[in-house]
Amino acid sequence: MRTLPPLPDGLQLHTLSDGRQLAYQILGAEPGPSTLTAMYHHGTPSCYMEGLALEEAARAAGIRLVAMDRCGIGASTRRSRSSLATVAGDTLALMDALAIPRAIQIGNSGGGPYAAACAALHPDRTSALVLMAALASTSGPDRGLLRSLGMMDKTTFWMAKLPLGGLWAVNWGLKYMATNHAETLIKHAPEGLAKVDGELMQTDPRVKEMFAGVLTHAYRNGVRGMARDYRVLGTKWGVDLSTIKCRTIIWHGAEDISVPPAHGEWWAKTIPAAQLTIVPGEGHITLMIRQAGPILEAAAAAARG
């Protein structure tokens with residue numbers, strides 16, 4: 189039997205009603221009468237560790253940030269059939285366990301659709317919705333947005349519509365490189381990114397360290413959970429996002445070539461009264477790293493109404 193490494197410091201496990209475990213870490217502001225709570229939905233391929241990049245900004249904005257591993261990713265147990273709706277259900281169960289009546293739902297990149305599903309399906313438990321560099325629908329009438337993605341994402345989300353074996357192979361390759369050749373992976377990662385993202389990857393040691401750590405933890409329990417995550421995101425979502433009524437703010441980097449600004453524009457058209465901010469000079473990664481303060485301040489203002 190394979191021996192797993194110890195859980196990262198601060199990571200906790202909640203046992204769901206069906207026996208699965210959901211991993212999460214609480215970051216940011218201390219609980220208090222004026223403290224807001226946000227549930228953080230990470231990108232793909234990624235894990236809860238993304239939330240660490242927001243911790244300082246969350247503390248400054250008075251936000252208690254609950255960052256989770258989705259089912260089958262990191263230390264969270266896989267389920268055979270997942271969807272936007274089932275992940276929203278897991279999020280609600282964790283909120284119940286932590287006695288969180290309402291929360292801001294924050295989604296970054298591939299986490300955006302999951303955060304939006306929480307807002308659509310559980311409006312009474314959502315105080316605001318924040319989408320950062322969020323992936324739009326790429327199936328059905330929206331399949332044209334698939335062609336706008338960066339080459340790696342375009343290929344992977346195209347494969348999401350095929351049998352899962354191809355996605356397993358792609359994710360196995362990423363897991364192998366992250367585990368055994370992290371420096372090589374980091375060296376070549378900028379080749380598929382916007383120039384500003386590539387420069388940040390090469391010059392900021394914190395980003396380098398987080399990149400390798402995020403992928404290593406994301407594939408902690410294998411590749412099937414991440415492959416299923418791609419399948420969910422790359423096929424029909426099954427949630428009517430036009431029903432979202434809460435205050436919604438959308439932030440996107442103008443230089444993002446991984447998930448281009450057209451995706452942010454799709455969200456702004458889909459969600460009634462959503463506010464779209466396209467930030468000049470920012471890419472897919474730099475948006476969250478360099479704009480965390482303004483984004484979370486705007487999130488707090490939206491939640492407080």
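Residue numbers for the sequence shown follow our numbering, beginning at 189 and rising by one. C-beta atoms are modelled at their ideal positions from N, C-alpha and C, and glycine is treated no differently.
Inset, instruction - Assuming residue 261 and residue 487 form a contact by the criterion Cβ under 8 Å, report the distance between their Cβ atoms to the nearest whole angstrom. - result: Not really, about 23 Å apart at Cβ, beyond 8 Å.
Legend entry - Cβ-based neighbour list, residue 401, same chain, cut-off 7 Å, excluding 5 preceding and 5 following: The residues are 237.
Legend entry - residue 479 - DSSP class collapsed to helix/strand/coil: Coil at residue 479, not helix or strand.
Legend entry - Helix, strand or coil at residue 343 [DSSP, three-state]: Reduced to three states, the DSSP call for residue 343 is helix.
Legend entry - According to DSSP, residues forming a beta bridge with residue 454: Here residue 454 is not bridged, per DSSP, to any residue.
Inset, instruction - Assign residue 364 to buried or exposed, taking buried as 16 or more other Cβ atoms, counted over all protein chains shown, within 10 Å of its Cβ. - result: That one is exposed.
Legend entry - Beta-carbon proximity check, residue 229 vs residue 316, cutoff 8 Å: No, the Cβ-Cβ distance between residue 229 and residue 316 is not below 8 Å.
Inset, instruction - For the alpha helix (DSSP H) containing residue 405, list its first residue and its last residue. - result: First-last of the alpha helix (DSSP H) with residue 405: 393-406.
Inset, instruction - Select from 242, 278 and 217 the residue whose C-alpha is nearest the C-alpha of residue 206. - result: It is 278.
Inset, instruction - Pair every Cβ in the segment 473-492 with every Cβ in the segment 331-348, then say whether three or more of these pairs are closer than 8 Å. - result: By the Cβ test, the segment 473-492 is not in contact with the segment 331-348, since fewer than three Cβ pairs between them sit closer than 8 Å.
Legend entry - Sequence-distant residues of its chain with Cβ nearer than 6 Å to residue 396 (five each side left out): Answer for residue 396: 374, listed in chain order.
Inset, instruction - Hey, could you find the ends of the alpha helix (DSSP H) residue 299 is sitting in? - result: Taken as a continuous stretch (DSSP letters only), residue 299 belongs to no alpha helix (DSSP H), as it is neither H nor E.
Inset, instruction - Please confirm whether residue 465 and residue 388 have their CB atoms less than 8 Å apart. - result: No.
Legend entry - Three-way DSSP call (helix, strand, coil) for residue 294 in this model: The answer is strand: DSSP assigns residue 294 an E or B state.
Legend entry - Reduced DSSP category for residue 360 - H, G, I as helix; E, B as strand; rest coil: If DSSP states are grouped into helix, strand and coil, residue 360 belongs with the helices.
Legend entry - C-alpha distance - residue 213 paired with residue 469, whole-angstrom precision: Approximately 31 Å between the Cα atoms of the pair.
Legend entry - Per DSSP, the bridge partner or partners of residue 438: According to DSSP, which records beta bridges pairwise, residue 438 is partnered with 319 and 464.
Inset, instruction - Give the range of the alpha helix (DSSP H) segment to which residue 254 is assigned. - result: Looking at the DSSP string, residue 254 is not in any alpha helix (DSSP H); the run it does join, the beta strand (DSSP E), is 251-256.
Legend entry - For residue 418, the first and last residue of its enclosing alpha helix (DSSP H): Residue 418 -> alpha helix (DSSP H) spans 412-422.
Legend entry - Those residues which DSSP pairs with residue 216 across a bridge: Answer is 252, bridged to residue 216.
Inset, instruction - Would you mind working out which of 390, 193, 244 and 209 sits nearest residue 218, comparing C-alpha positions? - result: Relative to residue 218, the option among 390, 193, 244 and 209 whose CA is nearest is 244.
Legend entry - Under the three-state DSSP convention, the category residue 337 falls into: Correct three-state label for residue 337: coil.
Legend entry - Alpha-carbon to alpha-carbon, residue 235 and residue 406: Cα to Cα, the separation comes out at about 5 Å.
Legend entry - Three-state secondary structure assigned by DSSP to residue 324: Note: residue 324 maps to coil in three-state DSSP.
Inset, instruction - Using a threshold of 8 Å, state whether the C-beta atoms of residue 270 and residue 478 are closer than that. - result: Not in contact: residue 270 and residue 478 (Cβ atoms no closer than 8 Å).
Inset, instruction - Excluding the 5 residues preceding and the 5 following residue 327 in the sequence, name in chain order all residues of the same chain whose CB lies nearer than 6 Å to its CB. - result: Cβ neighbours of residue 327 within its own chain (closer than 6 Å, five residues either side excluded): 423 and 424.
Inset, instruction - Look at residue 307 and residue 273 and say whether their C-beta atoms are less than 8 Å apart. - result: Their beta carbons are not under 8 Å apart, which means residue 307 does not touch residue 273 by this criterion.
Legend entry - Residue-chain proximity (residue 215, chain B), Cβ-Cβ < 8 Å: The chain labelled as chain B is not found in the depicted structure, where only one protein chain is given.
Legend entry - residue 390 burial status per 10 Å Cβ neighbour count (16 or more: buried): Its Cβ having fewer than 16 others within 10 Å, residue 390 is exposed.
Inset, instruction - Take residue 384 and list the residues in its own chain whose beta-carbon comes closer than 7 Å to its own, dropping the five residues that flank it on each side. - result: Excluding residues within five positions, the ones whose Cβ falls inside 7 Å are 443, 469, 470, 471 and 474.
Inset, instruction - Return the first residue and the last residue of the beta strand (DSSP E) that residue 201 is part of. - result: Taken as a continuous stretch (DSSP letters only), the beta strand (DSSP E) holding residue 201 covers 200-203.
Inset, instruction - Return the CA-CA distance between residue 448 and residue 430, expressed in angstroms with no decimal places. - result: Using only the alpha carbons, I get a separation of about 21 Å.
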